[in-house]
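**Student:** Just dropping this structure here.
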Amino acid sequence: MSTSLHHRAIEHLGTSIVGGNLPAGHVVLAEQLEDELKVSRSVVREAVRVLQSLGLVETIKRVGIRVLPADRWNPFDPLVIRWRLAGDARGAQLRSLAELRSAVEPIAAELAALNAPEALRRELLEVSDAMKAAGEAGDLPQFLNLDIRFHSLLLTGSGNEMFANLVGQVAETLTGRTVLGLMPDHPSEAALGWHREVAEAIAAADSAGAREAADKIMRHSLAELEPNWRDQPRVFLQPRR
């Protein structure tokens with residue numbers, strides 16, 4: 062099976078569902094997808110399996126492939142995040158991710174100061190220095206790579222495997238913000254300084270200092286991004302029984 066065809070089928074269906082072109086309850090047949098995408102049945106079958114794993118569709122015998130409502134989607138999956146960032150729900154997705162990070166990353170920084178291995182503490186310092194250089198030079202692609210690395214180290218350094226499993230979500234957030242032109246050409250000096258403060262506090266096992274500096278980063282990010290979701294309604298899901 063061609064990986065590119067498989068990827069194209071997943072992207073086409075995923076963006077169509079998350080973007081609202083295929084609304085909840087819509088039923089499509091595998092034969093239709095074969096004709097529309099010019100792919101084999103096996104490619105369609107594998108793409109549908111991926112979308113099922115994300116909660117986007119379900120297959121019903123003798124009916125077809127039915128699109129599921131948004132409350133059934135896996136909101137933590139990086140693919141769902143990427144597709145939401147690319148559509149009309151961008152603002153709401155940015156808000157949800159920014160608020161999630163604000164709740165988690167200061168605690169992760171505090172835990173990293175207490176638990177991180179020495180090698181990780183050293184790398185955080187090195188990455189924060191490299192981020193400053195890339196930011197001041199206006200090298201956004203390099204800054205993005207370093208920013209993802211910094212926050213990945215922060216989450217994994219906490220020693221909490223559930224925090225560590227948010228690395229993919231954070232990477233999609235930072236990537237989407239850059240790709241969508243929501244990052245300044247030169248990151249603020251204050252934000253660069255706070256990243257260095259986080260790294261220094263973790264290196265010094267200063268848990269309170271690490272948490273405070275990480276909280277400053279998150280609050281600054283919230284303030285910068287807030288105009289993107291100002292008019293976006295919040296989503297209230299019913300608790301599952």
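In this note's numbering, the protein residues as written are 62 to 302.
Note that the Cβ used here is the ideal one computed from N, Cα and C, for glycine as well.
Cβ atoms of L214 and V228: under 7 Å apart, would you say?
**Tutor:** no
**Student:** Looking only at its own chain, which residues have a Cβ that is under 8 Å from the Cβ of E119, when we skip the five neighbours before and after it?
**Tutor:** Q113, I126, R127 and L129
**Student:** What are the boundary residues of the beta strand (DSSP E) that G125 is part of?
**Tutor:** G125 to V128
**Student:** How is V296 classed by DSSP in three states: helix, strand or coil?
**Tutor:** Looking at V296 - three-state DSSP - the assignment turns out to be coil, as it is neither helix nor strand.
**Student:** Between the C-alpha atoms of V100 and H67, what's the straight-line distance to the nearest angstrom?
**Tutor:** 9 Å
**Student:** Distance, Cα to Cα, E296 vs V231?
**Tutor:** The question names Glu, yet the displayed sequence has Val at residue 296. Taking the straight line from one Cα to the other gives about 20 Å.
**Student:** Report yes if the C-beta distance between M279 and R162 is below 7 Å; otherwise report no.
**Tutor:** yes
**Student:** According to DSSP, is V231 part of a helix, a strand, or is it coil?
**Tutor:** helix
**Student:** To the nearest angstrom, how far is it from the Cα of D246 to the Cα of E72?
**Tutor:** 29 Å
**Student:** For E119, which beta-bridge partners are listed by DSSP?
**Tutor:** DSSP lists R127 as the bridge partner or partners of E119.
**Student:** For E171, is the classification buried or exposed, using 16 other Cβ atoms within 10 angstroms of its Cβ as the cut-off for buried?
**Tutor:** buried
**Student:** Starting from the C-beta of M244, find all residues in its chain whose C-beta is less than 6 Å away, skip the five residues before and the five after it, and write them out in chain order.
**Tutor:** Closer than 6 Å at Cβ, skipping near neighbours: R238.
**Student:** Which residue wins for smallest C-alpha separation from S65, given the options P248, I142, V105 and P84?
**Tutor:** Looking from the CA of S65, the closest CA among P248, I142, V105 and P84 belongs to V105.
**Student:** Alpha carbon to alpha carbon, how far is Q154 from F137?
**Tutor:** 11 Å
**Student:** Taking 7 Å as the threshold (C-beta atoms), are T234 and L140 in contact?
**Tutor:** Going by beta carbons, L140 and T234 fall outside the 7 Å limit.
**Student:** Kindly identify the DSSP beta-bridge partner or partners of V89.
**Tutor:** I126
**Student:** Excluding the five sequence neighbours on either side, which residues of its own chain have a C-beta within less than 7 Å of the C-beta of G196, listed in chain order?
**Tutor:** F204, H247, P248 and L253
**Student:** Starting from H68, follow the alpha helix (DSSP H) in both directions and report where the run begins and ends.
**Tutor:** Per DSSP, H68 belongs to the alpha helix (DSSP H) from T64 to V79.
**Student:** Need the endpoints of the alpha helix (DSSP H) that M244 sits in, please.
**Tutor:** That residue, M244, is in no alpha helix (DSSP H); it is neither H nor E in DSSP.
**Student:** Near K122, what residues of its chain come up, given a Cβ to Cβ distance below 8 Å and the 5 sequence neighbours on each side ignored?
**Tutor:** none
**Student:** Which first and last residues belong to the alpha helix (DSSP H) in which E206 is found?
**Tutor:** The residue you asked about is not Glu; residue 206 is Asn in the sequence shown. Per DSSP, N206 belongs to the alpha helix (DSSP H) from L201 to G218.
**Student:** With DSSP collapsed to three states, give me the class of V100.
**Tutor:** coil
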